[in-house]
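Single-structure report; data block below.
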Amino acid sequence: MQKDNNSVTMEKIVSLAKRRGFIYPGSEIYGGLSGFWDYGPLGVALKKNIENIWWRMFVEDRNDMYGVDTAIIMQKRAWEASGHVSGFSDPMVECKKCKRQYRADQAEGPEAQRGAGDTCAECGGKYGEVRQFNTMFKTHIGVTEDESSVSYLRPETAGGIFVNFKNIVDSFHPKLPFGIAQIGKAFRNEIAPRDFVFRAREFEQMEIEYFVREREWKESFEMWREQSLGFLESVGIKKSSVHELEVPPEDRAHYSKRTIDFEFDFPFGRKELFGLAYRTDFDLSRHEASSGVELKYLEEGGNKFVPHVIEPSFGVERIILAVLQTAYTEDTLGNEPRAYLKLNPAVAPVKAAVFPLLKNKLELVAKARGIYENLKKQVPQIVWDDNGNIGKRYRRQDEIGTPACITIDFQTLEDNTVTMRDRDTGKQERLAISLLASRI
Ligand code: GAP
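Going by the numbering used here, the first residue of the sequence shown is number 3, and it counts up by one from there.
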């Protein structure tokens, strides 16, 4: 019997992620580094699968999209023009007694609010004045460490897209509306990183800047709302678990005229999974003014203007977290309780595991090895497992979300059939070796 998904806690997800090689705390042997995480073999595979689905759906399967991979560090002037140097900040308070720092706008639990003079929930001390903290990571370029060499690690991948707008137009002459997409690292010196990878200091974004004529922005916004929800479904996140929050003007980013936060019910509350924003012509106009390079679009007929932009912006880590949470399932199979990941096969890091029934029967092992090696050429994301008894192997694969387990037994030696066990039901069927690749 399957328990409902409310039994998922962060502890269970974090523990499984570490134990089974999905995600490890960063710099762990040195005591960790808050807000930084390392991906293990299964985490990398899961992340790549998610990113590949996104890229396929939003770049390769469309005729109006262009992919880029831009530098993480840009000239400081680009971040000044985009408003990040002056405005990319969060309000912060520091407790005068214990010196702990908090986001002033995120009081939760026993604290009613966090403002100057309010009481610190940790030590009972008082907070000092609220001040704005710019969350961009500062660095220096070259050997001289002075104001002139300052730059920043990008806080969003969007920046690199805007500064390449002209390159894409000049190289490809796209017709409006068209979009530029990028997947890559982003960095934010979060005041209070927390909730596993949900709020990290180094994370990955999948972003699109979709350039439109101003009059078209509403229909493009609707198109991207639908498309974005379609992407979530294709990685196994149910539409019904996503809630739209129309962000009020006072809470919107400095560049946005309309934003919807798509929220998800995480174990720690309903929080932003991804965002959809109408950034107007803010970024291109600002870069045009600051760089002195014209960033207009010339239409047939001679009409020249700065396009407006719709931006769907996904955080990869938050998608991974929602995927793991949705997949985490506890049930009873064969009278034994089990916890497993009911992952959509498209994102599962391992698509199938191949085993010999017994590891000490040479003829079974040789046959199984041959099948495994042949299959791996067709489906690279499969693994070999001959550790422990067959029941243990099934449980190990269930726990990492492997949809199918293929066992080579004595009958295989006679008729070239194998058993294939389904992760969710535990049911087995016999099928010909020749059918395996198409069934995985
Ligand atoms: N270019 C627009 C932009 O960056 P954002 O709402 O600040 O907008 C977009 O970020 C998405 O990036 C968020 O919806 C979230 O999924 C992800 N994200 C933002 N900050 C994050 C953090 N500290 N850790 C993990 N993901 C984060």
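For glycine and all other residues, C-beta sits at the position ideal for the given N, C-alpha and C.
Count the C-beta pairs between the stretch 277-296 and the stretch 327-346 that are closer than 8 Å, then say yes if the count reaches three, no if not.
-> no
How would you write the range of the beta strand (DSSP E) that residue 69 sits in, first residue to last?
-> Stepping through the sequence shown from its first residue, residue 69 is reached at position 67. Start and end: 67-70.
Do you know how far the Cα of residue 206 is from the Cα of residue 431?
-> Along the sequence shown, one-based indexing puts residue 431 at 429. Along the sequence shown, one-based indexing puts residue 206 at 204. Rounded to the nearest angstrom, the two C-alpha atoms are 40 Å apart.
Delimiting residues of the alpha helix (DSSP H) encompassing residue 257 = In the sequence shown, counting from the first residue as 1, residue 257 sits at position 255. First-last for residue 257: undefined, no H or E at that position.
Would you list, in sequence order, the uninterrupted beta strand (DSSP E) runs of no fewer than 3 residues that lie entirely inside the stretch 11-73?
-> 25-27, 39-41, 67-70
Contacting residues, own chain, Cβ-Cβ under 6 Å from residue 380 (five flanking each side not counted) | Walking along the sequence shown from the start, residue 380 turns up at place 378. These residues qualify, in order along the chain: 439.
So what does DSSP say about residue 296, is it helix, strand or coil?
-> Translated into positions along the sequence shown, residue 296 becomes position 294. Note: residue 296 maps to coil in three-state DSSP.
When you compare only the Cα positions, how much space is there between residue 262 and residue 285?
-> Against the sequence shown, residue 262 aligns to sequence position 260. Against the sequence shown, residue 285 aligns to sequence position 283. So the alpha carbons of these two residues sit roughly 19 Å apart.
Is residue 324 near the ligand HEM, with its Cβ less than 7 Å from a heavy atom?
-> The ligand HEM is not among the ligands present in this structure, which contains only the ligand GAP.
Hey, which unbroken runs of the alpha helix (DSSP H) at 4 residues or more fall wholly within the stretch 310-355?
-> 318-329
Can at least three beta-carbon pairs, one atom from the stretch 127-135 and one from the stretch 159-176, be found at a separation below 8 Å?
-> no
Can you name, in chain order, every residue of its own chain whose Cβ lies under 6 Å from the Cβ of residue 107, other than the five neighbours on each side?
-> For the purposes of this step, residue 107 is taken as residue 105 along the sequence shown, with counting starting at 1. 93, listed in sequence order.
At 3 residues or longer, and completely inside the stretch 384-425: list those beta strand (DSSP E) runs for me, N to C.
-> 384-386, 406-410, 419-424
Residues bridged to residue 148 (per DSSP) | In the sequence shown, counting from the first residue as 1, residue 148 sits at position 146. Per DSSP, none; premise fails for residue 148.
Enclosing alpha helix (DSSP H) for residue 380 [first to last residue] | By 1-based counting over the sequence shown, the position of residue 380 is 378. Segment 364-380, the alpha helix (DSSP H) holding residue 380.
Would a C-beta distance cut-off of 8 Å place residue 208 and residue 318 closer than the cut-off?
-> Locating residue 208 in the sequence shown gives position 206, counting from the first residue. Locating residue 318 in the sequence shown gives position 316, counting from the first residue. A contact, by the Cβ cut-off of 8 Å.
Please indicate yes or no: does the CB of residue 160 lie closer than 7 Å to some heavy atom of the ligand GAP?
-> Here residue 160 refers to the residue found at position 158 when the sequence shown is read from its first residue. Residue 160 Cβ: within cutoff of the ligand GAP.
Please report how far the alpha carbon of residue 441 lies from the alpha carbon of residue 434, in whole angstroms.
-> Sequence index remark: in the sequence shown, residue 441 carries index 439 (1-based). Sequence index remark: in the sequence shown, residue 434 carries index 432 (1-based). Each residue's alpha carbon lies about 11 Å from the other.
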